[in-house]
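Chemist: Going by this note's numbering, the letters in the sequence shown line up with residues 93 to 238, in that order. This is the structure I want to talk about, given as structure tokens.
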Amino acid sequence: MSPYFSCYPDLQCNFENGLCNWEQEVGDDLDWIRIQGPTPTVNTGPLKDHTTGTARGHYLYMESSEPHQFQDKAILLSPLFNPTGNRTCVFRFHYHMFGKQVYTLSVFQRTVSNAKGWLLWYKFGNQGNRWIRQTLYISSFKPFQV
């Protein structure tokens, strides 16, 4: 038996049917945008989504090209996950960071609303024109969000 399990409730969101109860943070600089096909700015972002592998599939992106400012933030909050107790849950996602004006993608964990929480993972700069799978292992004795 694996010591890891899916974080509960299990979201398995591919953004084909909306945001799956993920929410935009109020008070950040930008919003994540659900789109199909290539990003509006040439030579940035993917041409297609990861799940379907076609331009008909949906994914979330944030526009980091001008007129947006360096270090503008777009924060997306997960639904509340149940405590893991002494166990560790697995949180997987795919990301695509491609273009000249790519800054940082970060994942935080928080247990209290209106708190920034703590950094679990980050990537900085251009990672190439490809989708990359990332797996995080999370533990918490309290309900939490990422």
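Ideal Cβ placement from N, Cα and C applies to all residues, glycine included. All figures in this text were calculated on a predicted structure; none of them were measured in a lab.
Let me make sure I understand the geometry here. Which of Leu122, Asp120, Glu155 and Leu103 has the alpha-carbon closest to that of Trp114?
Modeler: To locate residue 114, count along the sequence shown from 1; it is residue 22. Ranking Leu122, Asp120, Glu155 and Leu103 by Cα distance to Trp114 puts Leu103 first.
Chemist: Whole angstroms is fine: what's the gap from Leu169's alpha carbon to Met154's?
Modeler: The count along the sequence shown starts at 1 and reaches residue 169 at position 77. The count along the sequence shown starts at 1 and reaches residue 154 at position 62. Distance between the alpha carbons of Leu169 and Met154: 14 Å.
Chemist: Go ahead and label Arg222 buried or exposed: buried means 16 or more other beta carbons lie within 10 angstroms of its beta carbon, across all protein chains shown.
Modeler: For the purposes of this step, residue 222 is taken as the residue at position 130 of the sequence shown. With fewer than 16 Cβ atoms within 10 Å of its Cβ, Arg222 is classed as exposed.
Chemist: If I measure Cβ to Cβ from Asn106 and keep anything under 6 Å in the same chain, skipping five residues before and after, which residues do I get?
Modeler: The residue you call residue 106 lines up with position 14 of the sequence shown. Hits under 6 Å: Thr143.
Chemist: Where do the N-terminal and C-terminal ends of the beta strand (DSSP E) with Trp243 fall, by residue?
Modeler: The structure shown does not extend to residue 243, since the chain is modelled only from 93 to 238, so the question has no answer here.
Chemist: Among Phe216, Lys192 and Ile167, which one has its Cα closest to the Cα of Phe200?
Modeler: As a first step, residue 200 must be located in the sequence shown, where it is residue number 108. It is Ile167 whose Cα lies nearest to the Cα of Phe200.
Chemist: Does any heavy atom of the ligand ADP sit closer than 8 Å to the C-beta of Thr144?
Modeler: Because no ligand of any kind appears in the structure shown, any question about the ligand ADP cannot be addressed here.
Chemist: Of all the options Thr203, Gly177 and Lys165, which has the alpha carbon lying nearest to the alpha carbon of Tyr195?
Modeler: Position 103 of the sequence shown, counted from the first residue, corresponds to residue 195. Answer by Cα proximity: Lys165.
Chemist: Tell me whether Gln226 sits in a helix, a strand or coil according to DSSP, three-state version.
Modeler: Reading the sequence shown from its first residue, position 134 is the one you call residue 226. Three-state result, Gln226: strand.
Chemist: Per DSSP, which residues does Tyr151 bridge with? Please list them.
Modeler: In the sequence shown, residue 151 corresponds to position 59, counting from 1. Ile127.
Chemist: Thinking C-alpha only, which one of Leu122, Phe233, Asp123 and Glu117 is nearest Arg179?
Modeler: Here residue 179 is taken as the residue at index 87 of the sequence shown, counted from 1. Nearest of Leu122, Phe233, Asp123 and Glu117 to Arg179, Cα basis: Phe233.
Chemist: How would you label Tyr214, buried or exposed, when you count the other beta carbons within 10 angstroms and need 16 or more for buried?
Modeler: Locating residue 214 in the sequence shown gives position 122, where the first residue counts as 1. That one is exposed.
Chemist: Under 6 Å Cβ to Cβ from Lys192, same chain only, skipping five residues before and after it: list those, please.
Modeler: For the purposes of this step, residue 192 is taken as residue 100 along the sequence shown, with counting starting at 1. Correct list: empty, nothing qualifies.
Chemist: Ends of the beta strand (DSSP E) at Phe185?
Modeler: Counted from its first residue, the sequence shown places residue 185 at position 93. Start and end: Thr180 to Tyr187.
Chemist: From which residue to which residue does the beta strand (DSSP E) around Phe236 run?
Modeler: Taking the first residue of the sequence shown as position 1, residue 236 is located at position 144. Phe236 -> no beta strand (DSSP E), and no H or E assigned at all.
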